[in-house]
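Chains as they are written, first to last, in my numbering: chain A, 113 to 312; chain B, 113 to 312. Backbone N, C-alpha and C fix where the C-beta goes; we use that ideal spot for every residue, glycine too. Keep in mind it's a predicted model, so treat the numbers as computed, not measured.
See the structure below:
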């Protein structure tokens with residue numbers, strides 16, 4: 113089956129909103145989704161980007177309002193997290209570990225982590241929270257807690273970040289369809305057009 | 113008739129694309145559009161914003177691609193201007209002058225200037241080009257050329273910029289519906305939802 117690539121950071125609200133619909137969009141066109149966690153902080157070091165909340169008050173205030181309004185528009189539960197943004201390296205490493213060890217559970221885990229953060233206001237920077245979320249979707253929490261410490265897992269996450277930067281990613285979510293890059297939840301309609309009719 | 117506010121800069125590609133559909137969206141819900149020209153350069157001085165092309169190569173390269181792709185997606189003619197961005201103060205002052213002197217022609221003029229820049233690659237920073245475009249839509253070009261020099265016109269444009277900043281505008285297009293702010297062509301679907309069903 114053909115694929116579609118979805119690069120995301122667990123602390124990106126628009127990644128969360130897009131993650132709730134990307135699989136149904138892909139499956140309409142007989143695609144599966146490759147989910148790739150990245151760390152936007154590491155990307156921003158190279159591209160000069162800044163978190164949407166670390167900007168002039170006008171833009172950060174609007175962004176917070178837009179997160180919630182966009183979530184409502186797309187019918188996705190959302191509650192602005194108390195701690196935001198936060199470090200997502202542990203959650204991202206857990207995702208990387210799962211994709212090698214329990215690939216059947218990786219997407220469920222991703223959705224559960226996003227919801228824990230953006231709907232339930234849980235602090236997903238903490239390993240205990242990540243492990244607990246993992247357990248909720250049927251993953252061995254002890255094995256996962258050990259897995260995120262593996263050097264190969266750390267290296268693989270770093271490789272994902274490097275690959276993203278090399279391919280021109282500067283924000284999240286970023287979606288690639290047959291090499292064409294789309295940035296942002298608000299480009300999903302264009303992603304769908306591309307899947308349906310090809311290049312435009 | 114109820115209104116809807118549309119703040120734009122003539123050098124903003126997403127303002128151009130949105131300008132091509134905002135009136136039809138508004139009229140579906142019995143609204144008219146108040147078009148307000150602003151100068152993003154002046155806004156950015158306060159908000160710290162930067163033009164989309166004056167960023168890391170990844171983002172500026174993607175943006176240029178996205179301008180054209182988004183225009184195709186929305187069925188709007190687009191050709192990346194040779195000179196971009198450029199100074200839009202003369203075109204903006206002409207718009208302000210028209211809104212006082214020939215308000216019946218202001219929207220036609222705006223559309224013609226946008227198309228001259230983004231579809232016909234004409235240098236709209238030049239008064240001669242702005243005057244020529246004005247003449248094409250039935251405006252007295254000589255009167256307009258004099259009008260853009262009036263102090264009251266200059267002051268009114270500055271007041272528009274100040275008002276925009278005071279109301280939280282940091283980019284363009286920015287649309288206000290009953291006080292609710294929406295930034296970007298990619299929020300038009302949310303604007304339409306708001307017009308149709310009210311706050312969400």
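Item: Between the alpha carbons of residue 289 of chain A and residue 139 of chain A, how many angstroms are there, rounded?; Value: 13 Å
Item: What do you reckon, are the CB atoms on residue 129 of chain A and residue 297 of chain A nearer than 8 Å?; Value: yes
Item: When the Cβ atoms of the stretch 149 to 165 of chain B are set against those of the stretch 200 to 214 of chain B, are three or more pairs found closer than 8 Å?; Value: yes
Item: Do you know offhand how far residue 272 of chain A's Cα is from residue 266 of chain A's?; Value: 10 Å
Item: Counting only C-beta atoms, is residue 181 of chain A closer than 8 Å to chain B at any point?; Value: yes
Item: At a CB-CB cut-off below 9 Å, which residues of chain B make contact with residue 171 of chain A?; Value: 159, 160, 161, 280, 282, 283 and 295
Item: By a C-beta neighbour count over all protein chains shown, 10 Å radius and 16 as the cutoff for buried, is residue 254 of chain B buried or exposed?; Value: exposed
Item: Any Cβ of chain B within less than 8 Å of the Cβ of residue 185 of chain A?; Value: yes
Item: Nearest to residue 142 of chain B by CA position, among B:236, B:116 and B:126, is which residue?; Value: B:116
Item: Helix, strand or coil: how does DSSP classify residue 117 of chain B here?; Value: strand
Item: Of the choices A:195, A:161 and A:306, whose alpha-carbon is the least far from that of residue 176 of chain A?; Value: A:195
Item: Using DSSP's beta-bridge definition, name the partner residues of residue 222 of chain A.; Value: Partner(s): none; residue 222 of chain A has no beta bridge.
Item: Which class does residue 200 of chain B belong to by DSSP, given the choice of helix, strand or coil?; Value: coil
Item: How many angstroms separate the CA atom of residue 294 of chain A from the CA atom of residue 282 of chain A?; Value: 11 Å
Item: From what residue to what residue does the alpha helix (DSSP H) around residue 129 of chain A run?; Value: 125 to 131
Item: Determine the DSSP secondary structure at residue 148 of chain B, reduced to helix, strand or coil.; Value: strand
Item: Cutting at 7 Å between CB atoms, please list the residues of its own chain near residue 163 of chain B, excluding the five before and the five after it.; Value: 197
Item: Which residues mark the beginning and the end of the beta strand (DSSP E) in which residue 282 of chain B is found?; Value: Element bounds for residue 282 of chain B: n/a, residue is neither H nor E.
Item: Could you pull the DSSP bridge partners for residue 292 of chain A from this structure?; Value: A:289
Item: Write down the C-beta distance between residue 245 of chain B and residue 224 of chain B rounded to the nearest angstrom, noting that I regard them as a contact closer than 8 Å.; Value: 5 Å
Item: For a contact defined as C-beta to C-beta under 7 Å, what are the partners of residue 272 of chain B on chain A?; Value: Per Cβ cutoff of 7 Å: no residues; residue 272 of chain B is ~16 Å from chain A at best.
Item: In terms of residue numbering, what span does the alpha helix (DSSP H) encompassing residue 174 of chain B cover?; Value: 169 to 185
Item: Does residue 263 of chain A have its Cβ less than 8 Å from a Cβ in chain B?; Value: no
Item: In terms of DSSP beta bridges, what is residue 227 of chain A paired with?; Value: DSSP output for residue 227 of chain A lists no bridge partner at all.
Item: My assumption, with CB atoms under 8 Å, is that residue 191 of chain B sits in contact with residue 233 of chain B. Please give the rounded CB distance.; Value: 6 Å
Item: Leaving out five residues before and five after residue 302 of chain B in sequence, what residues of the same chain have Cβ atoms less than 7 Å from its Cβ?; Value: 294
Item: Considering only C-alpha positions, which residue in the set A:310, A:209, A:165 and A:278 is nearest to residue 264 of chain A?; Value: A:209
Item: For residue 300 of chain A and residue 134 of chain A, what's the separation of their Cα atoms in angstroms?; Value: 8 Å
Item: With 8 Å set as the bound, which would you pick, yes or no: does the beta-carbon of residue 141 of chain A sit closer than that to a beta-carbon of chain B?; Value: no
Item: Going by the beta-carbon positions, is the gap between residue 312 of chain A and residue 205 of chain B smaller than 8 Å?; Value: no
Item: Are the C-beta atoms of residue 313 of chain A and some chain B residue less than 8 Å apart?; Value: Within the shown structure, residues of chain A are numbered from 113 to 312, placing residue 313 of chain A beyond reach of any answer.
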